[in-house]
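Beneath this line is the structure, given in structure tokens, with notes to follow.
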Amino acid sequence: MALTKIQFKPGIDKEGTEYSADSGWFDSDRIRFRKGRVETIGGWQKYVSTAIKGVARSLFDWGAADGDKYLGVGTNLKFYVESGGTVADVTPIRQTTAAGDVTFAATNGSSTLVVSDTSHGAVEGDFVTYSGAASLGGNITADVLNQEYQIGVIVNANSYNITAKDTSGATVTANSSDSGNGGSSVVGVYQINTGTNFYVDSTGWGVGAWGAGTFGESVAITSSNQLRLYSQDAFGDDLIFNPRGSSVYFWDESSGLSTRAVSLSSLGGASNTPVEALQVMVSDIDRHVICFGCNPIGSVTLDPLFIRWSDQENAVDWTPTATNSAGGQVLSTGTTIVGAIKTRQEILIFTDVGIQAMRFVGAPFIYSFSPVAENVSMISPKAGVAAADSVFFMDREGFYVYRGSVQRLPCSVLDHVFSNLQFQQRFKIFATTNPDDSEVTWYYPVGTPSADITNYVTYNYQENNWTIGTLDRGAFIHAPTKEFPLAASNSLTSDNYLYSHEIGHTADGEPLNAFVASGGIGLGDGEQFAAVRRVIPDFTFRGTTAAVDLSLEVKGRDFPLGDETLLDTATIASNTGQFHLRARTREMIIKISSNGSGYGWTLGDLRFDIRTDGRR
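Numbering-wise (the numbering used here), the sequence shown opens with residue 4 and increments by one.
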């Protein structure tokens with residue numbers, strides 16, 4: 004019998020039924036389409052072995068004039084700068100106590116220490132480093148005390164708890180001799196307040212930590228009890244960054260990795276620098292530092308629609324005068340700025356009701372503002388990305404592209420994405436681009452109201468197709484200064500790591516699981532059964548010539564709403580010529596999957612021996 008070559012349409016189509024996706028692909032994980040062909044994505048491995056504390060939701064790379072390359076990493080707990088494989092904690096300092104302001108109290112048989120510090124200003128999860136402490140008299144020695152601690156329970160405004168540990172991190176239990184208070188020379192150095200890993204829409208019950216405060220008590224949302232999102236940008240060789248809803252900070256590249264970032268307002272010559280902002284950016288063309296959603300001059304209260312910019316080429320002078328270009332503008336529509344994205348000629352500002360374009364026009368106005376679109380915006384501050392002279396973004400109801408005007412992107416997996424998206428955690432959604440493969444990818448949370456990111460959807464803007472898959476990541480960047488794209492894991496219960504992606508064919512040494520599954524392939528008009536006798540596979544393997552765990556499943560069902568049955572499974576190796584099977588069905592479904600390490604694959608053309616086989 005003549006062989007039948009099945010031509011599959013590129014892209015995943017889940018908008019209809021599995022049967023309506025005839026000769027198309029219906030489901031996938033960790034694959035892409037290149038020139039219409041299915042292939043596995045590249046693997047990943049740890050970029051550096053150093054763990055980072057917290058979940059990173061911001062990565063930014065830049066290069067200095069001396070050739071050094073840097074990566075800024077903002078987590079809910081810390082801020083790091085990486086260079087040359089060294090990851091340095093440069094988290095800014097919030098306050099340093101006077102000697103003797105901090106004292107300790109231990110309880111025999113307990114590892115919990117009560118720390119007294121009047122008006123400490125800390126929140127649960129903050130980091131503090133003690134120095135100058137003396138032994139409490141027993142197991143709680145000076146070495147135990149004089150190190151960095153993460154604060155546990157906040158007892159009140161003047162005290163909190165920490166868990167005693169030795170320098171290796173092992174818990175230390177106090178004994179009856181630990182009756183001292185650490186002496187009169189203890190100094191506490193507090194890092195800026197940490198943020199959370201969860202997004203909260205508004206104030207009210209459930210905003211604060213479980214068990215904290217009075218039942219039913221309304222809790223004001225602050226930068227420390229909201230999902231911690233960072234914005235970052237380079238100012239020359241240096242880095243400017245901003246935790247959303249908090250201060251703007253500056254890291255001086257010339258001071259090296261051993262130097263912490265400082266508040267922009269603390270720099271010499273600082274004048275009216277913003278106290279709080281939702282996002283910070285450095286304009287490429289005109290070199291202004293811009294804060295979106297910040298406090299006006301003379302106020303310490305954040306205005307979520309107010310935009311301010313510094314003097315040109317001057318990050319610290321924010322006072323408008325006749326001789327500089329500093330200034331500000333309040334947007335006239337909306338209630339808050341969601342986010343802003345740089346393009347080559349303008350900055351797109353996304354509010355909760357629409358999009359405006361911010362363009363540099365020079366003196367006397369410096370910037371112009373004009374509406375671009377109404378009733379469309381980003382679903383989260385990081386749900387858009389510039390790629391291929393366009394801006395791609397995810398709205399609350401779909402995907403869009405801006406190319407001088409806003410156009411909706413037809414999406415063949417739209418319902419799948421939005422019906423599974425955990426909307427309560429939508430601010431975790433972020434977009435990234437992979438220009439090497441003409442891809443824009445959105446990572447989004449699925450599951451419970453406290454879920455983190457587990458899924459992604461990718462749009463190939465060159466070939467106009469969509470794929471879906473699973474991957475746990477908190478941030479992702481195609482870093483021009485790095486050899487490979489970089490991403491950060493997003494575990495809520497353990498340390499996280501930075502990973503190089505599109506490298507090799509393993510998931511950091513583990514199997515790189517991937518699959519693609521077809522829709523129902525109708526055999527004729529479905530009136531008669533068909534016998535499928537053999538399949539001739541066509542694959543290209545990358546990374547090895549001895550793949551033995553690529554699986555080709557042939558499934559079938561008699562009617563679109565009937566039960567799906569596994570008819571046969573072929574194990575495909577690089578030397579597999581053909582596979583004989585005994586399958587009888589009206590509708591055939593193909594699933595190709597792999598769970599091996601060290602290889603990737605590309606699907607060519609599958610040919611089947613299919614024969615008509617009666618109506619019963």
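Heads up, the beta-carbon is just placed ideally off N, CA and C, and yes, glycines get one too.
Since the structure is predicted, the reported quantities are computational estimates derived from the model, not experimental observations.
A264 versus G14 - alpha carbon distance: Sequence index remark: in the sequence shown, residue 264 carries index 261 (1-based). Sequence index remark: in the sequence shown, residue 14 carries index 11 (1-based). Roughly 45 Å between the two C-alpha positions.
Beta carbon of I195 nearer than 8 Å to that of P277: For the purposes of this step, residue 195 is taken as the residue at position 192 of the sequence shown. For the purposes of this step, residue 277 is taken as the residue at position 274 of the sequence shown. Taking 8 Å as the Cβ cut-off, I195 and P277 do not qualify as a contacting pair.
G357 vs A376 beta-carbon contact at 8 Å: Working through the sequence shown from its first residue, we reach residue 357 at position 354. Working through the sequence shown from its first residue, we reach residue 376 at position 373. Contact flag set, yes.
Rounded separation between V58 and S521 - CA only: Reading the sequence shown from its first residue, position 55 is the one you call residue 58. Reading the sequence shown from its first residue, position 518 is the one you call residue 521. Near 36 Å, if we compare the C-alpha coordinates of S521 and V58.
Cα-Cα separation between K8 and D552, rounded to whole angstroms: For the purposes of this step, residue 8 is taken as residue 5 along the sequence shown, with counting starting at 1. For the purposes of this step, residue 552 is taken as residue 549 along the sequence shown, with counting starting at 1. When rounded, the distance between both Cα atoms is 24 Å.
Continuous beta strand (DSSP E) stretch holding L553: start and end: As a working mapping, residue 553 is identified with position 550 in the sequence shown. Element bounds for L553: 553 to 560.
E377 (DSSP reduced to helix, strand or coil): For the purposes of this step, residue 377 is taken as residue 374 along the sequence shown, with counting starting at 1. Note: E377 maps to strand in three-state DSSP.
Assigned secondary structure, K431 (DSSP; H/G/I helix, E/B strand, else coil): Position 428 of the sequence shown, counted from the first residue, corresponds to residue 431. Residue state, collapsed to three classes: helix.
Contact check, N164 vs S119, beta carbons under 8 Å: Along the sequence shown, read from residue 1 onward, the residue named residue 164 stands at position 161. Along the sequence shown, read from residue 1 onward, the residue named residue 119 stands at position 116. Cβ distance not < 8 Å, so N164 and S119 don't count as in contact.
DSSP beta-bridge partners of R33: The residue given as residue 33 occupies position 30 in the sequence shown. Bridge partners of R33: none, in fact.
Reduced DSSP secondary structure (H/G/I, E/B, other) of P438: By one-based count along the sequence shown, residue 438 stands at place 435. In the structure shown, P438 sits in a helix (DSSP, three-state: H, G or I).
Distance between L474 and A510 (C-alpha atoms, nearest Å): On the sequence shown, position 507 is the one that residue 510 refers to. On the sequence shown, position 471 is the one that residue 474 refers to. If you take the alpha carbons of A510 and L474, they lie about 10 Å apart.
Backbone secondary structure at L74 - three-state DSSP: Stepping through the sequence shown from its first residue, residue 74 is reached at position 71. Three-state DSSP puts L74 in a strand.
Same chain, Cβ closer than 6 Å to S600, neighbours up to 5 away in sequence not counted: What you label residue 600 is simply residue 597 of the sequence shown in a count that begins at 1. Closer than 6 Å at the Cβ level, and outside the excluded window around S600, lie T509, P514.
Cβ-based neighbour list, H583, same chain, cut-off 6 Å, excluding 5 preceding and 5 following: Mapped onto the sequence shown, residue 583 falls at position 580. Cβ neighbours of H583 beyond the five flanking positions: R537.
Closest by C-alpha distance to T354, when choosing among N423, G365, V379, I369: Here residue 354 refers to the residue found at position 351 when the sequence shown is read from its first residue. Looking at the Cα atoms, V379 is the closest of the given residues.
Alpha-carbon spacing of A136 relative to W254, whole angstroms: If you number the sequence shown from 1, residue 136 lands on position 133. If you number the sequence shown from 1, residue 254 lands on position 251. Taking the straight line joining both Cα atoms gives about 30 Å.
N245 - DSSP class collapsed to helix/strand/coil: The count along the sequence shown starts at 1 and reaches residue 245 at position 242. In the structure shown, N245 sits in a strand (DSSP, three-state: E or B).
G198 versus G248 - alpha carbon distance: To locate residue 198, count along the sequence shown from 1; it is residue 195. To locate residue 248, count along the sequence shown from 1; it is residue 245. Distance between the alpha carbons of G198 and G248: 11 Å.
Burial state of F564, where buried means 16 or more other Cβ atoms lie within 10 Å: Working through the sequence shown from its first residue, we reach residue 564 at position 561. In the sequence as presented, Phe is not what sits at residue 564; that position holds Leu. Exposed is the call here.
The segment 482 to 492 touching the segment 58 to 75, judged by at least three CB pairs closer than 8 Å: yes
Host beta strand (DSSP E) of F363 (start-end): In the sequence shown, the residue the question calls residue 363 occupies position 360. Counting along the chain, the beta strand (DSSP E) containing F363 begins and ends at 357 to 365.
Limits of the beta strand (DSSP E) - the one that A491 falls within: As a position in the sequence shown, residue 491 is number 488, starting the count at 1. 489 to 491 is the span of the beta strand (DSSP E), which, as asked, contains A491.
Under 8 Å between C-beta atoms of A108 and N178: For the purposes of this step, residue 108 is taken as residue 105 along the sequence shown, with counting starting at 1. For the purposes of this step, residue 178 is taken as residue 175 along the sequence shown, with counting starting at 1. Going by C-beta atoms, A108 is not nearer than 8 Å to N178.
Three-state secondary structure assigned by DSSP to S86: For the purposes of this step, residue 86 is identified with residue 83 of the sequence shown, where counting begins at 1. If DSSP states are grouped into helix, strand and coil, S86 belongs with the strands.
Within the segment 86 to 166, ranges of the alpha helix (DSSP H) (whole runs, at least 4 residues): 145 to 148
CB contact flag (T693, F36, <8 Å): Outside the shown range of the chain, which is 4 to 619, sits residue 693, and nothing can be said about it.
Burial state of G45, where buried means 16 or more other Cβ atoms lie within 10 Å: Residue 45 sits at position 42 when you count from the first residue of the sequence shown. That one is buried.
Span of the alpha helix (DSSP H) around F396: Position 393 of the sequence shown, counted from the start, is the residue given in the question as residue 396. No alpha helix (DSSP H) holds F396; the beta strand (DSSP E) holding it covers 393 to 397.
Cβ pair V443, Y459 closer than 8 Å: Translated into positions along the sequence shown, residue 443 becomes position 440. Translated into positions along the sequence shown, residue 459 becomes position 456. No; because the gap between Cβ atoms is not below 8 Å, this pair is not in contact.
Residues near I288 by beta carbon distance below 6 Å, same chain, minus five either side: By 1-based counting over the sequence shown, the position of residue 288 is 285. F363, listed in sequence order.
DSSP beta-bridge partners of W28: For the purposes of this step, residue 28 is identified with residue 25 of the sequence shown, where counting begins at 1. W28 is bridged to I15, S521.
L570, enclosing beta strand (DSSP E) - first and last residue: By one-based count along the sequence shown, residue 570 stands at place 567. First-last of the beta strand (DSSP E) with L570: 568 to 575.
Residues that C414 bridges to, as DSSP identifies them: Counting from one through the sequence shown, the residue named residue 414 turns up at place 411. In DSSP, C414 forms no bridge with anything.
Alpha helix (DSSP H) segments (min. 4 residues) lying fully within the segment 577 to 614: none
Element boundaries [beta strand (DSSP E), containing H504]: For the purposes of this step, residue 504 is taken as residue 501 along the sequence shown, with counting starting at 1. First-last of the beta strand (DSSP E) with H504: 501 to 504.
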